[in-house]
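Everything in the sequence shown is counted per this note's numbering, starting at 44 for the first residue and increasing by one. All C-beta atoms, glycine included, are put in the ideal place defined by N, C-alpha and C.
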Amino acid sequence: MENRTFQVEGMSCAACARTIEKVSRKVEGVKEANVNFATEKLTVSFDPSKMKINHLKKDIERAGYKILEEESIGEKEKKKENEIRGLKRRFIISAVFTVPLLVVAMGPMITSAIDPMMHPREFAVIQLLLVLPVMVVGRKYFIGGFRSLFKRSPNMDSLIAIGTSAAFLYSLFSVFKILQSGIYRHMYFESAGVILTLITLGKYFENLAKGRTSESIKKLMGLAPKTANVIKNEREIRIPIDEVKVSDVLVVRPGEKIPVDGEVIEGMTSVDESMLTGESIPVEKTPGSKIIGASINKNGSVKYRATRVGKDTAL
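Given below as structure tokens:
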């Protein structure tokens, strides 16, 4: 069995993650599939003799999502920044039109100075003109929501699209009736506008929080050492950490950072794991003890066997 992790684009809620897991598990050769919605990553356990990566990508794309290529993952951060700026811009535009729309729609409940019965046509047209920009700015919810609905894998965007479309279409029908008869009818343009505006604000805060979390994780990753002392042919050599393989025997001296996860096979020491576990007291390590990469070796030299390297480490 082989494990691979892929970056997935297009998820908007936990239902999207479940859909991707369901689609992935149906691919021939896939034993297990798990999606981390927060990091937007799909981890697949599969039989390489049966499963083809291209088949997995095509099935996920048919479900409305996309697996990013290795070379494009480096651009993910820039895309996220652009997405956050785009959400902020969309929220501001939506709010500019939604606030006056709300005042016009709810005004008659606050003061009698605004009376839709006196000018029903003007009242209806003003609301229609105010809600149209909000609907255009929020078009991504309709595109993604209805696409997922038609693929029989509805998500949060589907609910938003159905609810706001129902409010808008009913209100649009009321506008036509008002223009024909001159008699006031109930409209719900403000409901569609407020829902889309608040959802956009929520998406903005969500992506902002994700960005800050990713930045913290990157700083944590930067604490890992860049090289490791490995015993090869009974000689100790220093190699880049990327070249360390599972089962390699490594040597760590006092004050050095532990390169990768592993198990102590010789020596005794205490290790500072506070950066990972929060435990301020150094943890004693003896032969058979597990040690975590990027933690700090305090006062003893040890030899240990690497058990997890690269993306598989605890860090």
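Beta-carbon separation (whole angstroms), residue i vs residue j, contact threshold 8 angstroms
i: Asn342; j: Pro302; result: Not a contact, Cβ separation roughly 18 angstroms.
i: Met311; j: Lys328; result: 7 angstroms
i: Lys246; j: Leu130; result: 5 angstroms
i: Gly72; j: Lys101; result: Rounded, the Cβ-Cβ distance is 14 angstroms, inconsistent with contact.
i: Phe80; j: Ala60; result: 4 angstroms
i: Ser137; j: Gly181; result: 7 angstroms
For residue i, three-class secondary structure by DSSP
i: Asp304; result: strand
i: Asn250; result: helix
i: Thr329; result: coil
i: Lys275; result: strand
i: Asp285; result: helix
i: Tyr347; result: strand
i: Asp158; result: coil
i: Ile63; result: helix
i: Glu299; result: coil
i: Val146; result: helix
i: Ile334; result: strand
i: Lys354; result: helix
i: Ser313; result: strand
The beta strand (DSSP E) enclosing residue i, as first and last residue numbers
i: Val292; result: 292–295
i: Ser224; result: From DSSP, Ser224 is part of no beta strand (DSSP E) but of the alpha helix (DSSP H) over 199–224.
i: Thr48; result: 45–52
Given residue i as reference, the closest of the options once Cα atoms are compared
i: Pro143; options: Ser224, Arg68, Leu175; result: Leu175
i: Phe185; options: Val179, Val168, Ser196, Ala204; result: Ala204
i: Ile336; options: Gly150, Ala349, Gly188; result: As written in the sequence, residue 336 is Gly, which differs from the Ile given in the question. The candidate whose alpha carbon is nearest that of Gly336 is Ala349.
i: Glu104; options: Gln50, Val295, Leu202, Leu172; result: Gln50
i: Gly107; options: Leu293, Ser214, Ser196, Ile242; result: Ser196
i: Ser217; options: Thr82, Ile334, Arg164, Ile308; result: Arg164
i: Lys288; options: Ile110, Phe193, Asp355; result: Asp355
i: Ser344; options: Val314, Met318, Lys333; result: Val314
i: Leu244; options: Phe189, Ile127, Lys346, Gly305; result: Ile127
i: Glu83; options: Leu212, Asn250, Asn46, Arg190; result: Asn250
i: Thr240; options: Phe140, Val66, Ser332; result: Phe140
Bounding residues of the alpha helix (DSSP H) (the contiguous stretch that carries residue i)
i: Thr320; result: 317–320
Minimum Cβ-Cβ distance from residue i to chain D less than 8 angstroms
i: Leu175; result: Considering every chain present, this structure includes no chain D. It has just one protein chain.
* Which full runs of the beta strand (DSSP E) of 3+ residues lie inside the stretch 66–144, going along the chain? -> Runs of the beta strand (DSSP E) lying entirely within the stretch 66–144 and spanning at least 3 residues, in chain order: 73–79, 84–89.
* **Any beta strand (DSSP E) of 3 or more consecutive residues that is wholly inside the stretch 169–196** => When DSSP assignments are scanned along the stretch 169–196, no uninterrupted stretch of beta strand (DSSP E) that is 3 or more residues long falls wholly within it.
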